[in-house]
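Residue numbers (the working numbering), protein chains in the order written: chain H, 59 to 435; chain R, 59 to 435.
The beta carbon of each residue, even a glycine, is placed where N, CA and C say it ideally should be.
Protein chains: 2
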Amino acid sequence: MPEPFAFRPIATDGPARTGEIATAHGIVRTPAFMPVGTQGAIKGVHHDDVRESGADIILGNTYHLMLRPGAERVAALGGLHAFMRWPLPILTDSGGYQVMSLSALRKVAEEGVTFRSHIDGAMVELSPERAIEVQILLGSDIAMQLDECVALPAERAEIERAMQLSLRWAERCKRAFERAAPGRALFGIVQGGDDQSLREASLRALTDIGFDGYAIGGLAVGETAEVMLKVVGETAPALPAAKPRYLMGVGTPSDILQAVARGIDMFDCVLPTRNGRHGLAFTRFGPINIKNAQHADDARPLDPESRCPAARDFSRAYLHHLFKAGEALGGTLLSIVNLYYYQDLMAGARAAIANGHFADYAAQTREQWTAKRDLTL
Amino acid sequence: MPEPFAFRPIATDGPARTGEIATAHGIVRTPAFMPVGTQGAIKGVHHDDVRESGADIILGNTYHLMLRPGAERVAALGGLHAFMRWPLPILTDSGGYQVMSLSALRKVAEEGVTFRSHIDGAMVELSPERAIEVQILLGSDIAMQLDECVALPAERAEIERAMQLSLRWAERCKRAFERAAPGRALFGIVQGGDDQSLREASLRALTDIGFDGYAIGGLAVGETAEVMLKVVGETAPALPAAKPRYLMGVGTPSDILQAVARGIDMFDCVLPTRNGRHGLAFTRFGPINIKNAQHADDARPLDPESRCPAARDFSRAYLHHLFKAGEALGGTLLSIVNLYYYQDLMAGARAAIANGHFADYAAQTREQWTAKRDLTL
Numbered sequence: 059m060p061e062p063f064a065f066r067p068i069a070t071d072g073p074a075r076t077g078e079i080a081t082a083h084g085i086v087r088t089p090a091f092m093p094v095g096t097q098g099a100i101k102g103v104h105h106d107d108v109r110e111s112g113a114d115i116i117l118g119n120t121y122h123l124m125l126r127p128g129a130e131r132v133a134a135l136g137g138l139h140a141f142m143r144w145p146l147p148i149l150t151d152s153g154g155y156q157v158m159s160l161s162a163l164r165k166v167a168e169e170g171v172t173f174r175s176h177i178d179g180a181m182v183e184l185s186p187e188r189a190i191e192v193q194i195l196l197g198s199d200i201a202m203q204l205d206e207c208v209a210l211p212a213e214r215a216e217i218e219r220a221m222q223l224s225l226r227w228a229e230r231c232k233r234a235f236e237r238a239a240p241g242r243a244l245f246g247i248v249q250g251g252d253d254q255s256l257r258e259a260s261l262r263a264l265t266d267i268g269f270d271g272y273a274i275g276g277l278a279v280g281e282t283a284e285v286m287l288k289v290v291g292e293t294a295p296a297l298p299a300a301k302p303r304y305l306m307g308v309g310t311p312s313d314i315l316q317a318v319a320r321g322i323d324m325f326d327c328v329l330p331t332r333n334g335r336h337g338l339a340f341t342r343f344g345p346i347n348i349k350n351a352q353h354a355d356d357a358r359p360l361d362p363e364s365r366c367p368a369a370r371d372f373s374r375a376y377l378h379h380l381f382k383a384g385e386a387l388g389g390t391l392l393s394i395v396n397l398y399y400y401q402d403l404m405a406g407a408r409a410a411i412a413n414g415h416f417a418d419y420a421a422q423t424r425e426q427w428t429a430k431r432d433l434t435l
Numbered sequence: 059m060p061e062p063f064a065f066r067p068i069a070t071d072g073p074a075r076t077g078e079i080a081t082a083h084g085i086v087r088t089p090a091f092m093p094v095g096t097q098g099a100i101k102g103v104h105h106d107d108v109r110e111s112g113a114d115i116i117l118g119n120t121y122h123l124m125l126r127p128g129a130e131r132v133a134a135l136g137g138l139h140a141f142m143r144w145p146l147p148i149l150t151d152s153g154g155y156q157v158m159s160l161s162a163l164r165k166v167a168e169e170g171v172t173f174r175s176h177i178d179g180a181m182v183e184l185s186p187e188r189a190i191e192v193q194i195l196l197g198s199d200i201a202m203q204l205d206e207c208v209a210l211p212a213e214r215a216e217i218e219r220a221m222q223l224s225l226r227w228a229e230r231c232k233r234a235f236e237r238a239a240p241g242r243a244l245f246g247i248v249q250g251g252d253d254q255s256l257r258e259a260s261l262r263a264l265t266d267i268g269f270d271g272y273a274i275g276g277l278a279v280g281e282t283a284e285v286m287l288k289v290v291g292e293t294a295p296a297l298p299a300a301k302p303r304y305l306m307g308v309g310t311p312s313d314i315l316q317a318v319a320r321g322i323d324m325f326d327c328v329l330p331t332r333n334g335r336h337g338l339a340f341t342r343f344g345p346i347n348i349k350n351a352q353h354a355d356d357a358r359p360l361d362p363e364s365r366c367p368a369a370r371d372f373s374r375a376y377l378h379h380l381f382k383a384g385e386a387l388g389g390t391l392l393s394i395v396n397l398y399y400y401q402d403l404m405a406g407a408r409a410a411i412a413n414g415h416f417a418d419y420a421a422q423t424r425e426q427w428t429a430k431r432d433l434t435l
């Protein structure tokens with residue numbers, strides 16, 4: 059019998075929290091960063107490297123997987139864990155966000171959303187019930203409700219309409235999910251754009267329905283970092299303290315530190331791998347664009363003290379060469395460097411919160427990014 | 059003091075031989091397959107995986123590395139071993155072959171070849187002396203003479219002209235190489251196209267000059283496999299038995315087995331990685347095109363008994379999905395599968411020769427490729 063889903067807070071430091079989420083596939087230490095495995099793979103990176111980076115959990119995209127290879131096919135092959143050979147926890151989104159961002163033709167109705175597949179042009183229906191069914195077929199440890207996400211800036215009426223629709227979908231998702239296997243969790247998603255009264259209405263209605271965790275959605279969709287952090291700072295404290303809080307699609311290391319300070323427990327973002335593929339390495343000393351000519355003769359590694367072999371063992375000159383020569387290994391190595399960096403950032407945050415020094419940790423981390431100490435390594 | 063270059067034959071089985079090549083960076087077990095690290099990387103594959111596949115030695119391309127990042131730069135960064143972080147032996151070609159195949163504008167003269175770089179359009183000179191200087195700067199364990207390689211079919215007069223020029227370049231390479239560090243080796247290259255009298259003249263002149271090993275060049279350049287094996291079968295036995303014999307740019311597993319049967323000790327080819335990137339896996343049961351629809355629901359691995367984790371642990375359905383979804387991880391995993399396959403093929407050949415059963419090994423290996431036993435795995 060798999061262990062049921064549970065969140066165990068360990069320590070708080072102001073609004074910042076550290077804890078553990080128990081799932082049927084293992085423990086997730088929070089604050090947690092989830093690498094994004096869009097199509098059943100973390101782009102360009104072998105699963106073994108993702109595990110060794112310290113990731114406790116990854117995110118899978120329902121939209122992509124339902125279209126290809128198909129949720130029923132993945133289920134027949136043993137579920138997403140077996141299909142990918144990723145034995146640790148998996149969170150799946152509901153598909154709603156990608157329907158809005160990737161499908162050129164879509165129609166949102168009370169029943170659900172109908173969209174044209176970006177792969178073969180077929181018309182596909184995604185209702186709250188189907189979103190849950192797909193996530194159960196995939197076998198995710200944490201499923202997300204279907205929601206409608208509005209790009210910012212937007213009119214208040216439009217934000218409110220989408221938020222209210224998302225609430226009705228949240229109820230239907232909850233009902234559909236009650237058939238699910240034990241040990242799995244369903245999260246609700248707070249919507250409401252940059253309007254705090256709408257955020258509060260969404261939050262109250264969701265907690266009335268009752269979920270295993272709560273996400274803040276509809277951010278990192280065009281608004282400034284200031285607006286994003288303002289919404290997080292006003293919303294997170296109002297979420298139930300006994301449940302995990304997940305800020306969807308965020309973000310930069312700086313965004314993450316500031317959201318942790320406001321009480322967020324979980325994050326996902328494509329930045330470590332996307333930036334890695336484009337030659338940007340996250341390091342203790344701030345980001346390094348390895349394609350810059352200054353690195354061509356630099357025998358130093360990215361960080362001799364890194365836990366990551368790729369950051370420690372290869373020279374900047376070699377990494378620079380791989381990008382200049384168009385060798386895919388360059389993108390792979392920098393993606394690995396960045397995945398380690400993000401996990402080390404989270405591990406540092408967890409330890410600092412446990413010791414009551416999170417503000418110092420965040421300040422020192424930020425100071426190091428800009429201290430240019432890198433130049434005298 | 060690095061160990062000087064030496065070839066130690068261990069056993070013969072008819073013309074087939076097994077032995078060891080000692081270099082300053084370690085032992086190469088022969089017959090050996092050298093993965094191709096064109097631009098300082100085995101395309102799409104981490105060095106650790108190349109090592110774990112069982113490769114004792116890799117090949118680096120002088121043409122590519124002299125243009126980018128530049129031989130002097132690699133030397134300043136500690137040589138190609140340190141630059142790539144590949145601690146085992148490296149063989150470098152002379153650049154001649156790529157000048158012919160990649161440069162749109164080139165002029166061959168007695169002094170050397172002048173060509174337009176395919177990267178930035180600069181005019182570059184490559185003389186026998188410069189080819190040796192570059193390879194010494196790269197720090198390769200085995201350097202190759204500069205030669206002129208003619209695509210087949212070609213007129214006898216043209217083949218003879220290029221062969222004679224290559225001989226004069228061979229002498230100049232030998233003289234330039236005598237300044238080189240101890241422990242390094244220089245190989246001559248037998249040319250002469252598909253004309254055996256020219257091959258014999260080339261071979262006699264090269265052995266008169268005296269090299270640490272001998273390559274058969276100018277094959278796998280357009281001729282049929284029959285012609286290639288005929289030239290190998292007539293040339294290899296005439297090469298000095300006490301020196302390694304290297305068949306350049308070959309080839310398929312079948313070509314390799316047949317060339318080993320004719321006395322060849324060393325091979326290089328881009329097939330394992332190029333085919334891997336294109337979805338073709340080499341297996342004990344013959345090649346598998348993983349992109350074919352028949353694999354979409356196949357939960358079986360490529361080969362449950364493989365030494366290669368990627369061949370053993372991932373389902374065909376998952377590998378198929380990665381290719382269909384355009385995930386680069388698919389090409390990486392199949393490249394690794396193929397590198398292991400080639401190394402296991404060579405390990406099997408070495409063991410079979412040592413036991414005096416090479417003909418049986420080759421026959422059984424070929425039989426298994428076509429027996430379709432795969433279908434009942």
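Reference residue i, options the options, closest by Cα
| i | options | result |
| --- | --- | --- |
| residue 258(H) | 278(H), 222(H), 423(H) and 62(H) | 222(H) |
| residue 178(H) | 262(H), 396(H) and 124(H) | 124(H) |
| residue 295(H) | 75(H), 65(H), 68(H) and 69(H) | 75(H) |
| residue 316(H) | 377(H), 212(H), 288(H) and 128(H) | 288(H) |
| residue 362(R) | 374(R), 354(R) and 352(R) | 374(R) |
| residue 86(H) | 115(H), 428(H) and 232(H) | 115(H) |
| residue 166(R) | 127(R), 149(R) and 208(R) | 208(R) |
| residue 310(H) | 325(H), 320(H) and 321(H) | 325(H) |
Under 8 Å between C-beta atoms of residue i and residue j
| i | j | result |
| --- | --- | --- |
| residue 210(R) | residue 280(R) | yes |
| residue 193(H) | residue 224(H) | no |
| residue 330(R) | residue 397(R) | yes |
| residue 189(H) | residue 241(H) | no |
| residue 217(H) | residue 256(H) | yes |
| residue 77(H) | residue 390(H) | no |
| residue 127(H) | residue 199(H) | no |
| residue 301(H) | residue 272(H) | yes |
| residue 318(H) | residue 409(H) | no |
Chain R within 8 Å of residue i, Cβ atoms only
| i | result |
| --- | --- |
| residue 97(H) | yes |
| residue 213(H) | no |
| residue 372(H) | yes |
| residue 385(H) | yes |
| residue 339(H) | no |
| residue 17(H) | A query on residue 17(H) cannot be resolved here, the shown segment of chain H reaching from 59 to 435 and no further. |
Nearest-angstrom Cα separation, counted from residue j out to residue i
| i | j | result |
| --- | --- | --- |
| residue 180(R) | residue 172(R) | 10 Å |
| residue 65(R) | residue 80(R) | 6 Å |
| residue 313(H) | residue 351(H) | 29 Å |
| residue 91(H) | residue 118(R) | 39 Å |
| residue 62(H) | residue 235(H) | 15 Å |
| residue 59(H) | residue 197(H) | Bear in mind that a pLDDT of 49 at residue 59(H), under 50, signals an unreliable position, so the model cannot answer this. |
| residue 129(H) | residue 201(R) | 53 Å |
| residue 341(R) | residue 427(R) | 8 Å |
| residue 392(R) | residue 372(R) | 11 Å |
| residue 182(R) | residue 175(R) | 7 Å |
| residue 160(R) | residue 270(H) | 60 Å |
Beta carbon proximity, residue i to chain H, threshold 8 Å
| i | result |
| --- | --- |
| residue 87(R) | no |
| residue 198(R) | no |
| residue 69(R) | no |
| residue 365(R) | no |
| residue 176(R) | no |
| residue 416(R) | no |
| residue 379(R) | yes |
| residue 135(R) | yes |
Residue i beta carbon near the ligand FAD (any heavy atom closer than 7 Å)
| i | result |
| --- | --- |
| residue 175(H) | This structure simply doesn't include the ligand FAD, nor any ligand for that matter. |
When the Cβ atoms of the region 375 to 391 of chain R are set against those of the region 134 to 144 of chain H, are three or more pairs found closer than 8 Å?
yes
Three or more C-beta pairs under 8 Å: does that hold for the region 412 to 419 of chain R against the region 345 to 360 of chain R?
no
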